[in-house]
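In this text, residue positions in the sequence shown follow my numbering: the first is 87, and each later residue adds one.
All C-beta atoms, glycine included, are put in the ideal place defined by N, C-alpha and C.
Just so it is clear, the structure is predicted and the values come from calculations on it, not from any experiment.
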Amino acid sequence: MAKRTPSSAPHRTPEQKALLSQIEQVAQGLAATFAPFCEVVVHDLLDPGQSILAIHNNLSGRSVGEPTTELGLARIADPDYPQVIANYANQFSDGRQAKSTSVGIKDSSGEYIAALCLNVDLTLFRSLQSVVGQFTGIDGDTGLTESLDPAGADAIRQRIDQFAARLSTAPRALKAAERRALLRELRESGSLEVRRAMEVVAQHLGVSRATVYGDARGELTA
87 MAKRTPSSAP HRTPEQKALL SQIEQVAQGL AATFAPFCEV VVHDLLDPGQ SILAIHNNLS
147 GRSVGEPTTE LGLARIADPD YPQVIANYAN QFSDGRQAKS TSVGIKDSSG EYIAALCLNV
207 DLTLFRSLQS VVGQFTGIDG DTGLTESLDP AGADAIRQRI DQFAARLSTA PRALKAAERR
267 ALLRELRESG SLEVRRAMEV VAQHLGVSRA TVYGDARGEL TA
């Protein structure tokens, strides 16, 4: 989790400072409850040029101090903009699909001062759908069986998602020992023979290629 202290701008009232502090407490609670699948971001709309005040369970790769989003700018420009926008489609910079909810926070004057945003990584849940579909399939329903084993980067990503789903976690939350077990499974399935396979694995796990190569060496010596 990363956070910064709100800058002491003249226009920020004691009430606004207190609200920002309380919103951060709410964000910490939500992040702890829904980790590691849900990124929770606090935006300081009184300082749009560096609005990200705190970011928990960072899934988007953004940093504290980055500017606000288009949604934040819309709220700043229009106090009547909807306070709650729930479950809208979103996407992380690496292509992962997300479901987002944004809650605008107003002070007693009706001015938007902050936003609390939740971004849920749908990767795990879509993988779970696939696993459940395989488990409940009847005769003839073989389209999702692992024996098909399609080659290519998409097949590697699918295997990683399914591996993480079996552990009830997200690919980017896998620990070193779990990554080594994953690489063993990928090697045994022949998935690592795909061109640039290690690069695909590293990107999908959110780690460096050096980390993946290190895990692979550890898997071979385990």
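For T155, no alpha helix (DSSP H) segment is defined, and its DSSP state is neither H nor E. DSSP places K185 in the uninterrupted beta strand (DSSP E) bounded by Q183 to K192. The beta carbons of F178 and S146 sit about 5 Å from each other, so the pair counts as a contact at 8 Å. Closest by C-alpha distance to S294, out of V280, R258, A267 and E264, is R258.
Residues Q183, A184 and K185 of the same chain have their beta carbon placed closer than 7 Å to that of L208, with the five preceding and five following residues left out of the count. Counting of Cβ neighbours within 10 angstroms places D130 among the buried residues, the total reaching 16 or more. Secondary structure note for Q248: its alpha helix (DSSP H) is the uninterrupted segment A239 to R252. Between G151 and Q136, the C-beta gap is smaller than 7 Å, which places the two residues in contact.
Contact fails between the region 235-249 and the region 189-199, because fewer than three Cβ pairs, one in each stretch, are under 8 Å apart. Three or more Cβ pairs drawn from the region 247-255 and the region 209-219 lie within less than 8 Å of each other, which places the two stretches in contact. Separation of K261 and R98 (C-alpha to C-alpha, rounded to the nearest whole angstrom) is 42 Å.
When DSSP states are grouped into helix, strand and coil, L210 belongs to the helix group.
L139 sits away from V126, with the two beta carbons spaced by 7 Å or more. Check the Cα spacing between P165 and each of A118, I109, V112 and I191: the tightest is with I191. Each residue's CA atom was taken as its position, placing H142 and A267 some 27 Å apart. With a 10 Å radius around the Cβ and a threshold of 16 neighbouring Cβ atoms, S188 comes out buried.
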